[in-house]
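Here the structure is laid out as structure tokens; the discussion comes afterwards.
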Ligand code: GLC
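Numbering (this note's numbering), first residue to last: -10 to 532.
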């Protein structure tokens, strides 16, 4: 048997640089700040960092609008700072995975500045231009994810350019082989530096056909990915994870099956399941545990033999896991129980910065208090659909992206020890009690994550075992087993704030080694064990 790729036993950790650690007091996190926290990350035990964009950018979308792919934004530091971070991380056995944002650039990228000068300008064909409709309006009615039309008129050319995100984020023209060659060249440049791979931003959009109204999952998507694989990734020991909101169990293997171009995708079915049918994320909806479990069960089954799952609750675009799926009145235990059910599944788990401390959503009292352009773009559209202001505010508080972006809570000090200056986004007032300095105080969410990460490294059943759901319709209990080479791992969690008896199908049969627990270890379970609110265990037994 060939050795497992390293990324099947490693746990990823997402750093959102702007909000992680500020070394120079300007209120924005930076690369030296990240370097200063590598010992913390090594203590946690992670295998690799997914670094959200640190490239040169005017920051219309906090770095997801890149103006130079081979330069570091001054607010984050210098290329020397980057090289030093890479070396210091590597010395601790931590790899760095870059964010690859190649669906679009910033409108300040040299390519776009040139492209918009005229129809025969050098880089004109690096972007997507169309003539106005006969009435002078946009070529069609495609919409931008951040609100408004996906087309913006550019007077110099007399044409509209296409952008699936903000007007400041023009989409690249992947139909142009010269553009594709530039992207692969840039990827090779970073890989030659020693980065360990890429998280590929909205990669399911690069095969788009704007004339046919197709954004995600377009006709040329897999041809582009196959070409990228040959041109930049083949023969390299790297991990690639494609952000693919449109990925489904029935096309996931085309991304990450044995012959697929990527290691895995970030699939979002579990996130979308919790969104309102009309208002999407902008209307808060109650948790539906059976539906949520069904999504994970389906994905575990779809990629059981071939392919590979990513496992995540949160990222910089999603609310804090404990606020979304847990109960902040049982904050530590609900964070630990949620971590247990996720990390014991098959796949590569990702931790979003602060999740390992049980950081929570914050409160934005008004619409104006939000920083994120997405909130401001969404409001007029939701209002037009009939959502009231109070409901919108509640939805944005529940699901808005700024929740994940409040500064990392390092200590109880002013500004949570994140900065000596004024943070770009206010720190959550609860940093006085929720912070890394207190990470060893029981019940310790951090220690629980440490343990889960270590278990993955020591128990091959976690990487290899199959996954069998139990009690799928139970509204509070998340339960499943994993099986591998004469071992069975039983994972049981009460994801509710009431004490619950669990009616196990194999009553009284479960005993073995309690690998993980949130309350007290349980080496054996009786027929109808009573589980405390947010209690979770994982028990390993021989079969
Ligand atoms: C992805 C990123 C998000 C960004 C968008 C446009 O969804 O995760 O933060 O706004 O792409 O790049």
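Ideal placement from N, C-alpha and C gives every residue a C-beta, glycine not left out. Quick caveat: nothing in here was measured; it's all calculated off a predicted structure.
(request) Anything with a beta carbon under 5 Å from a heavy atom of ligand 1 counts; list them all in chain order. (result) Answer in sequence order: 50, 53, 154, 190, 191 and 306.
(request) For residue 197, count neighbouring Cβ atoms within 10 angstroms of its own Cβ and tell me buried if that reaches 16, exposed if not. (result) Of the residues assessed, residue 197 falls on the buried side of the cut-off, its CB having 16 or more other CB atoms within 10 angstroms.
(request) Determine the direct distance from the alpha carbon of residue 57 to that of residue 426, and round the result to whole angstroms. (result) Straight through space, the alpha carbons of residue 57 and residue 426 are spaced by roughly 37 Å.
(request) Could you check the C-alpha separation between residue 180 and residue 292 for me, to the nearest Å? (result) 28 Å
(request) Report back the beta-carbon spacing between residue 297 and residue 245 to the nearest angstrom; my notes put them in contact at under 8 Å. (result) 6 Å
(request) Could you tell me which residues DSSP pairs with residue 87 in its beta bridges? (result) 40 and 187
(request) Kindly indicate the opening and closing residues of the alpha helix (DSSP H) around residue 448. (result) No alpha helix (DSSP H) contains residue 448, which DSSP labels as neither H nor E.
(request) Put residue 25 into one of helix, strand or coil per three-state DSSP. (result) helix
(request) State the start and end residues of the unbroken alpha helix (DSSP H) segment that holds residue 284. (result) Taken as a continuous stretch (DSSP letters only), the alpha helix (DSSP H) holding residue 284 covers 278 to 291.
(message) If you reduce the DSSP assignment to three classes, tell me which class residue 182 lands in.
(response) helix
(message) Beta-carbon within less than 6 Å of residue 386's beta-carbon, same chain only, minus the 5 sequence neighbours each way: which residues are those?
(response) 353
(request) From the DSSP output, in three-state form, read off residue 111 for me. (result) coil
(message) If I measure Cβ to Cβ from residue -10 and keep anything under 6 Å in the same chain, skipping five residues before and after, which residues do I get?
(response) Unreliable placement is indicated for residue -10, whose pLDDT of 45 sits below 50; the coordinate value is still reported in the next sentence. Around residue -10: no qualifying Cβ.
(message) Using only CA atoms, which one of 269, 275 and 193 lies nearest to residue 254?
(response) 193
(message) Is the separation between the beta-carbon of residue 0 and that of residue 36 shorter than 8 Å?
(response) yes
(message) For residue 478, tell me which candidate among 286, 112, 499 and 358 has the shortest Cα-Cα distance.
(response) 499
(request) Note down, in chain order, each residue of its chain lying with its Cβ closer than 7 Å to the Cβ of residue 367, except the 5 sequence neighbours on either side. (result) 136 and 271
(message) Contact criterion: CB-CB distance below 8 Å. Does residue 47 meet it with respect to chain D?
(response) The chain inventory of the structure shown lacks chain D, comprising one protein chain alone.
(request) Would you tell me roughly how many angstroms separate the C-alpha atoms of residue 199 and residue 191, rounded to the nearest one? (result) 16 Å
(request) Give me whichever residues DSSP pairs with residue 1 in a beta bridge. (result) 37 and 339
(request) Please list, in chain order, all residues of the same chain as residue 148 whose beta carbon is under 8 Å from its beta carbon, the five residues on each side excluded. (result) 108, 118, 119, 120, 121 and 142
(request) Would you check if the distance between the CB atom of residue 434 and the CB atom of residue 347 is smaller than 8 Å? (result) yes
(message) If the criterion is Cβ atoms closer than 8 Å, does the pair residue 441 and residue 505 meet it?
(response) yes
(message) Once the 5 residues before and after residue 416 are set aside, which same chain residues still bring their CB inside 8 Å of it?
(response) 395, 396, 398, 404, 405 and 407
(message) By the DSSP assignment, the alpha helix (DSSP H) with residue 217 in it spans what residues?
(response) 210 to 217
(message) Going by C-alpha to C-alpha distance, which of 509, 103, 302 and 241 sits closest to residue 211?
(response) 241
(request) Buried or exposed for residue 256, please, with buried defined as at least 16 other CB atoms from any protein chain shown within 10 angstroms of its CB. (result) buried
(request) Spatial neighbours of residue 454 within its chain, please: CB distance less than 6 Å, with the 5 preceding and 5 following residues excluded, ordered by chain position. (result) 471, 472 and 473
(request) Have a look at residue 47 and residue 360 and give me their C-alpha separation to the nearest angstrom. (result) 15 Å
(request) Would you mind reading off the limits of the beta strand (DSSP E) that contains residue 253? (result) 253 to 256
(request) Can you tell me which of 463, 502 and 492 puts its alpha carbon nearest to the alpha carbon of residue 485? (result) 463
(request) Mark residue 531 as exposed unless 16 or more other C-beta atoms lie within 10 angstroms of its C-beta, in which case mark it buried. (result) exposed
(message) Can you look up residue -10 in the DSSP assignment and give me helix, strand or coil?
(response) For residue -10, the predicted model reports a pLDDT of 45, less than 50, meaning its position is unreliable and no value from the coordinates is stated.
(request) Look at the alpha carbon of residue 261 and the alpha carbon of residue 229, and state the distance between them as a whole number of angstroms. (result) When rounded, the distance between both Cα atoms is 23 Å.
(request) Go to residue 513, then tell me how far its alpha helix (DSSP H) extends in each direction, as first and last residue. (result) No alpha helix (DSSP H) contains residue 513, which DSSP labels as neither H nor E.
(message) Here's a check: name, in chain order, each residue in its chain whose Cβ is nearer than 7 Å to the Cβ of residue 412, leaving out the five neighbours to either side.
(response) 16, 396 and 404
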